[in-house]
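**Student:** Letter by letter, the sequence shown follows residues 41 to 302 of our numbering. Structure provided below as structure tokens; questions to follow.
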Amino acid sequence: MASGFLSLARGGEAVSTKSSGTIDRKPVVPTHVAVIMDGNGRWALERGLPRLAGHKAGAEAVSRCLRAAMNRGVTYLTLYAFSSENWSREPAEVADLTSLLRYYLRHKVAELHREGVRIRFIGDLARFDASLREELARAEALTKENGRLTLLLALSYGGRGDIVQAARRLAQSVQQGDLKPEQIDETLFADKLWTAGVPDPDVVVRTSGEFRLSNFLLWQSAYAELVFLDIFWPDFNEGHFATVLEAYARRERRFGTRPSAL
């Protein structure tokens, strides 16, 4: 172990012990937190409620998560709101989900704008009807200059689909003579993903006790820390967000290198 520096993490702070014996503490806050919001349906089932009630309760949890992220200084928050696989659910549930999305676009976007939140939507948005796409575009246009926090909502999103559409765009550029195959590298590829311009997530959180990514940000999460919470999404609160940050602070992110003490 190196004698001059010992790095630990306690309660969301990085604790550095120097050879002089002094201790420096500074908050360890991830730049980008991504969340797989899972468990709305099971939350409702346990309470004998319709699935829509679970989705409405999940929307309230989104507000708590967003508030916690802003209070803690997180810069990017990505929420897996509607996956590409969700289109295969019962038509009535899909209709409920899109209606709930419309409601929040019409009643919450102005509030987020006042709070300085920039909204971006990522995914295969062409699958939504034209009127909903117009509302998504208006929300993005209204908030595009905001800088307190960028909220990315993954809608009709799938990680594999994201990679495929990026590959297609690059192939078209090669076919048109604008790009040579040997010019393609990881940076160029990332610029063609729906998350272009956004740093990769530092930590990916999943609720409901499941331990999988479920086709979420597959490329972008290559080096993300993973945190799994054994709660349903509608129960998520600021305390759980603090737990995520504390878990993140205890991790040593090496990106393939050896630990600093070796």
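Every residue, glycine too, gets a C-beta built ideally from N, C-alpha and C.
From which residue to which residue does the beta strand (DSSP E) around L141 run?
**Tutor:** Element bounds for L141: not the beta strand (DSSP E) but the alpha helix (DSSP H), P131 to H147.
**Student:** Counting Cβ pairs, one atom from each stretch, are 3 or more of them under 8 Å apart for the segment 221-230 and the segment 183-199?
**Tutor:** no
**Student:** Can you grab the Cα-Cα spacing for the pair Q223 / L117, in whole Å?
**Tutor:** 31 Å
**Student:** I need the boundaries of the beta strand (DSSP E) containing S123, first residue and last residue.
**Tutor:** In the DSSP assignment, S123 falls within the beta strand (DSSP E) that extends over Y116 to S123.
**Student:** In the DSSP assignment, find the unbroken alpha helix (DSSP H) run with Y288 in it and report its ends.
**Tutor:** E278 to R290
**Student:** From the DSSP output, which residues share a beta bridge with E100?
**Tutor:** Answer is none; E100 lacks a bridge partner.
**Student:** What does the Cβ neighbour count give for L48, buried or exposed, with the cut at 16 atoms within 10 Å?
**Tutor:** Its pLDDT being 28, under 50, L48 is placed unreliably by the model, and nothing is read from it.
**Student:** What does the Cβ neighbour count give for R252, buried or exposed, with the cut at 16 atoms within 10 Å?
**Tutor:** exposed
**Student:** Could you please give the first and the last residue of the uninterrupted beta strand (DSSP E) stretch that includes E265?
**Tutor:** E265 to F268
**Student:** Would you kindly check if the distance between the Cβ of I159 and the Cβ of E30 is under 8 Å?
**Tutor:** Nothing about residue 30 can be read from this structure; the chain reaches only from 41 to 302.
**Student:** In chain order, what residues of the same chain have a beta carbon less than 8 Å from the beta carbon of V34, not counting five sequence neighbours either side?
**Tutor:** Outside the shown range of the chain, which is 41 to 302, sits residue 34, and nothing can be said about it.
**Student:** Taking C-beta to C-beta, are G81 and T247 nearer than 8 Å?
**Tutor:** The answer is no: Cβ separation not under 8 Å.
**Student:** So what does DSSP say about I203, is it helix, strand or coil?
**Tutor:** helix
**Student:** Taking Cβ positions, are L285 and V134 nearer each other than 8 Å?
**Tutor:** no
**Student:** Measuring alpha carbon to alpha carbon, tell me which of N255, L172 and R154 ends up nearest L141.
**Tutor:** L172
**Student:** Tell me, to the nearest whole angstrom, how far the beta carbon of A97 is from that of W83; I am working on the premise that it is less than 8 Å.
**Tutor:** 6 Å
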